[in-house]
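Sequential numbering from 1 applies to the sequence shown in this note's numbering.
Reviewing the structure listed below.
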Amino acid sequence: MMRRVLYPTDFSKASELGISVLEELRQIGVEEVFLIHVIDLNRLIGPVSGIDIPAVLHDYEDETRQNLEKFGEKVEELGFRVKVLEPRAGEPSAVISEVAQEVGADMVTIPSHGKGLIAGMLLGSVSEGVVKRSRVPVLVIKFVVGKEGEIVRSFDRLFSRILLAYDFSESSEELVKYVKEFAVRGKADEVLLVHVIEKGNELPESRLKRLEEIEREFESSGVDVEIFIEAGTPYKEIVRVAEEKLASLVAVSATGSGLLRSLIGGTADGVVRRSKVPVFVCRRG
1 MMRRVLYPTD FSKASELGIS VLEELRQIGV EEVFLIHVID LNRLIGPVSG IDIPAVLHDY
61 EDETRQNLEK FGEKVEELGF RVKVLEPRAG EPSAVISEVA QEVGADMVTI PSHGKGLIAG
121 MLLGSVSEGV VKRSRVPVLV IKFVVGKEGE IVRSFDRLFS RILLAYDFSE SSEELVKYVK
181 EFAVRGKADE VLLVHVIEKG NELPESRLKR LEEIEREFES SGVDVEIFIE AGTPYKEIVR
241 VAEEKLASLV AVSATGSGLL RSLIGGTADG VVRRSKVPVF VCRRG
């Protein structure tokens with residue numbers, strides 16, 4: 001069960017909107033929220049020389065502490081225990097991933113947005129960096145640009161219709177356990193069970209039986225399941241089905257960590273980059 005969440009904030013509109021998603025996480029057992037702001041010196045100071053870096057950093061840290069306390073008050077109003085962590089300087093995705101393990105977080109929940117960076121450090125490419133580095137599950141809360149240029153949610157209830165991308169790996173077996181908990185505790189209307197094969201291939205009977213087993217596991221817990229077997233590039237098909245079936249959350253597994261994943265990317269990275277709705281990433285190994 002997930003009880004402790006690390007929530008990085010850059011105090012942007014997306015970070016504030018993400019608080020409403022934190023409220024939904026109470027359904028799955030989240031009780032405690034750790035708040036942190038990471039100071040990226042490259043963005044704070046820029047290429048200008050001759051700056052008194054310690055002085056600038058000191059002033060920024062003081063301001064950040066005040067903002068974190070105010071942010072924490074909003075989260076506390078939702079009934080969570082809140083721990084405001086000291087601001088840290090460094091490469092944001094690396095720091096966030098390290099802190100998640102230090103505090104014993106069960107998940108990192110990070111706001112993101114399809115257009116990249118917005119007035120801060122934690123959106124766009126940084127959320128992708130956390131997905132690559134983190135050894136604990138990551139929930140990337142995706143937002144989109146509305147008609148008036150405002151940042152809005154692209155989903156209604158987070159757990160209403162969950163797309164479970166299953167690839168028969170050990171990580172995806174772990175993912176099934178998480179999604180079952182989300183679906184039952186979050187009172188999902190439906191789970192979309194998706195497996196993608198290469199074009200021209202057929203799904204072996206043994207694998208079809210496993211998909212049907214998972215379907216029965218969910219349905220025995222009162223959750224409706226629809227199976228989709230698609231052909232093509234995994235991340236593209238996952239995102240397409242998510243959009244066509246109006247998924248509220250995409251759950252995908254990832255394998256490996258560190259430099260290897262940074263070099264080769266993967267299905268999870270492609271989904272996080274292109275999905276318009278939140279993405280939950282579970283890694284094993």
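Heads up, the beta-carbon is just placed ideally off N, CA and C, and yes, glycines get one too.
Since this is a predicted model, take the numbers as computed values, not measurements.
- C-alpha of D59 to C-alpha of L249: approximately 39 Å in a straight line.
- As a beta-bridge residue in DSSP terms, Y7 pairs with L35.
- In this chain, the alpha helix (DSSP H) harbouring I96 covers 92 to 102.
- In the three-state reduction of the DSSP assignment, L246 falls in the coil class.
- Nearest to V252 by C-alpha distance, out of K245, G146, L164, G104, is L164.
- For P54, the secondary structure class from DSSP, reduced to helix, strand or coil, is helix.
- A distance below 8 Å separates the beta carbons of K142 and V279.
- For F182, the closest of S275, H195, K70, I162 by C-alpha to C-alpha distance is I162.
- Remark: C-beta atoms of E69 and R157 do not approach each other more closely than 8 Å.
- When DSSP states are grouped into helix, strand and coil, E77 belongs to the coil group.
- Within the same chain, Cβ atoms closer than 6 Å to the Cβ of D224 are found at E190, the five residues on either side in sequence being excluded.
- Taking a C-beta distance under 8 Å as the contact criterion, L139 and A89 do not qualify as a contact pair.
- Assigned with DSSP and collapsed to three states, S154 falls in coil, not helix or strand.
- Shortest Cα-Cα distance from A14 to any of P111, F155, S275 involves P111.
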